[in-house]
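Chains as they are written, first to last, in our numbering: chain A, 74 to 281; chain B, 74 to 281. Note that beta-carbon positions come from the ideal geometry of N, C-alpha and C, so glycine has one too. None of these values were measured; they are calculated from a predicted model. Below is one structure, written out as structure tokens, with a few remarks after it.
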DNA sequence: CTCTGTGAACATCTTCACAGCT
DNA sequence: AGCTGTGAAGATGTTCACAGAG
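Rendered as structure tokens:
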């Protein structure tokens, strides 16, 4: 398949969220224009995004809410369950472990690691915190699909390297520092401080 | 000033982080190539990004670490302190309030709001949780620059609307749903579930 | 007549390549 | 000689506009 833009995939997630809302409300069909308004884009963008994956609509009518959300779930890989490990059980890691939004979408936290002895053995949201030194052994015995990095900046790259070495192919980094992975591994980063800095920039350069 | 791409501003934040590291190490000068390697871009990208704001380097030599980081702090608006309010003191809001990374960069949490009576009056990281109903009055008496939204999805847009009405001009949304603001307000969103979905997509379509 | 699907036009962002300081 | 600064070329992403299915 041709390479799909990251922005397209992100919008598909948004569309899906709306479709699920519409589904609950009992709405049967929806037009590209309606989806666009809800997600803050344009109808042409919606149609173009979907066109990369096939033809899902009926001309003159729109899209079947049920059929389109099923297709999107397939495209996004949300029809299966995903096993997730979190490294770092401090403020951010702990909050992530407790965050229910992941579970709802089929992402299950099966391991929680921390380097601090005090946390090891405590239970967070049903998962016992393991010693970070057991990372390799644990992931070998009970593999996961995705690892979340929630360790301090100066430890981030080292942990990422160890995780990559275990064969994990998707990493979500919450440490506020860029990390590097081989091109065989998918990496996303969430950097909250960076978002605040962007807002500060926008405020100082009051444009838009 | 001409409009600067969002991606450029984000990279500037990354460059600054490295410059501060280099500064601590006592490094005096740095080339665009070195900055690029650390941040995972190319030297041409670094030079182009900086060129939007002026000429900071010396040909044949590179950039002065101290001078460039000062310039970047000015450009990004990090030379002043920013007052921040968080709406929603639950799992995410609480973690944000406790997160020290913000404070280090000059972002100070001065208000914490929650709608749940049980949390109101408790103290998180030195800040007393206020009743969400006092939001307008509190922000009128003690204004903030930036508001973080950490309320449930179905309350997000309503809270954003109320916040916008108080005159706040920058919002960072952590609710996993797109919210809309007037074009006079700067909005960023952090959607962790969406990042996981992107990784799921990448795993299913194992490309790259 | 409505609304999708899509090539083509357009806009934006990145990379190239080289002139010009130091 | 080394490294910046920057137009120009190239790549990528978005919007337009219309043909065509229902």
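* To do: Give a yes or no on whether 8 Å exceeds the smallest Cβ distance from residue 99(A) to chain B.
  => False, the Cβ-Cβ gap to chain B never drops below 8 Å.
* Tell me whether residue 47(A) sits in a helix, a strand or coil according to DSSP, three-state version. => As displayed, chain A neither begins before 74 nor continues past 281, which places residue 47(A) out of reach and without an answer.
* **Neighbour list for residue 164(B) in chain A, Cβ cutoff strictly below 7 Å** => What residue 164(B) touches in chain A: 168, 171, 172.
* C-alpha gap between residue 281(A) and residue 258(B), whole angstroms -> Any reading at residue 281(A) must be qualified, since the residue scores a pLDDT of 44, below 50, and its modelled position is unreliable; no value is offered.
* Taking DSSP as the reference, what is the three-state secondary structure of residue 77(B)? -> Residue state, collapsed to three classes: coil.
* To do: May I have the straight-line CA-CA distance separating residue 144(B) from residue 208(B), to the nearest angstrom?
  => Roughly 36 Å separates the two Cα atoms.
* Asked: When you check each C-beta in the segment 216 to 237 of chain B against every C-beta of chain A, which residues fall closer than 7 Å?
  -> 218, 219: these are the residues of the segment 216 to 237 of chain B whose beta carbon lies less than 7 Å from some beta carbon of chain A, given in chain order.
* Going by C-alpha distance, which of 274(A), 97(A), 156(A) is nearest residue 219(A)? -> Looking at the Cα atoms, 156(A) is the closest of the given residues.
* To do: Use the C-beta contact count for residue 115(B): other C-beta atoms within 10 angstroms, 16 or more gives buried, fewer gives exposed.
  => Exposed is the call here.
* To do: For residue 270(B), go through chain A and note every residue whose CB falls closer than 9 Å to its CB, in chain order.
  => 82, 83, 85, 86, 89, 149, 150, 151, 178, 180, listed in chain order.
* DSSP state of residue 279(B) mapped onto helix, strand, coil -> Residue 279(B) sits in coil when the DSSP states are folded into three classes, being neither helix nor strand.
* Would you verify that the beta carbon of residue 249(B) is, or is not, closer than 8 Å to some beta carbon of chain A? => Judged by the 8 Å Cβ criterion, residue 249(B) is in contact with chain A.
* Would you say residue 269(B) and residue 246(B) are within 8 Å of each other, going by their C-beta atoms? -> Residue 269(B) is not a Cβ neighbour of residue 246(B), given a cutoff of 8 Å.
* To do: Look at the Cβ atom of residue 148(A), then the Cβ atom of residue 108(A), and state whether they are nearer than 8 Å.
  => The Cβ atoms of residue 148(A) and residue 108(A) lie no closer than 8 Å to each other.
* Could you name the residues that DSSP lists as bridge partners for residue 199(A)? => None, per the DSSP bridge assignment.
* To do: May I ask you to report which of helix, strand or coil DSSP gives residue 102(A)?
  => Residue state, collapsed to three classes: strand.
* To do: With DSSP collapsed to three states, give me the class of residue 261(B).
  => Reduced to three states, the DSSP call for residue 261(B) is strand.
* Interface positions of the segment 105 to 120 of chain B facing chain A (Cβ-Cβ less than 8 Å), listed along the chain -> Those residues of the segment 105 to 120 of chain B that come within reach of chain A (Cβ to Cβ, closer than 8 Å) are 111, 112, 113.
* What three-state label does DSSP hand residue 192(A) in the structure shown? -> In this structure, residue 192(A) counts as coil in the three-state DSSP scheme.
* To do: Between the Cα of residue 225(A) and those of 75(A), 279(A), 251(A), spot the shortest distance and give me the residue it belongs to.
  => Ranking 75(A), 279(A), 251(A) by Cα distance to residue 225(A) puts 251(A) first.
* **Backbone secondary structure at residue 186(A) - three-state DSSP** => Look at residue 186(A) here: in three-state DSSP terms it is strand.
* Asked: In angstroms, rounded to a whole number, what distance separates the CA positions of residue 235(B) and residue 79(A)?
  -> Going from the Cα of residue 235(B) to the Cα of residue 79(A) covers about 32 Å.
* What residues of chain B sit near residue 243(A), judged by a beta carbon separation below 7 Å? -> Those are 272, 275, 276, listed as they occur along chain B.
* Residue span of the alpha helix (DSSP H) that contains residue 248(B), given as start and end -> Note, residue 248(B): premise wrong, no alpha helix (DSSP H); not H, not E.
* Where residue 77(B) and residue 121(B) are concerned, what is the direct C-alpha to C-alpha distance, given to the nearest angstrom? -> Straight-line Cα distance between these residues: approximately 11 Å.
* **Classification of residue 189(B) by the beta-carbon crowding that lies within 10 angstroms, buried from 16 upward** => By the 10 Å Cβ count, residue 189(B) comes out exposed.
* beta strand (DSSP E) runs contained entirely in the segment 110 to 138 of chain A, provided each spans 3 or more residues -> If we require 3 residues or more, the beta strand (DSSP E) runs fully inside the segment 110 to 138 of chain A come out as 135 to 137.
* Of the residues 164(A), 162(A), 129(A), which one's Cα is nearest the Cα of residue 141(A)? -> If we check each option's Cα against that of residue 141(A), 129(A) comes out closest.
* **is_contact[residue 263(B), chain A] using C-beta, thresh 8 Å** => With a threshold of 8 Å between beta carbons, residue 263(B) makes contact with chain A.
* **Close Cβ partners of residue 237(A) (< 8 Å) along its chain, the five nearest in sequence each way excluded** => If you ignore the 5 residues before and after residue 237(A), its C-beta comes within less than 8 Å of the C-beta of 244, 254, 255, 258, all in its own chain and listed in chain order.
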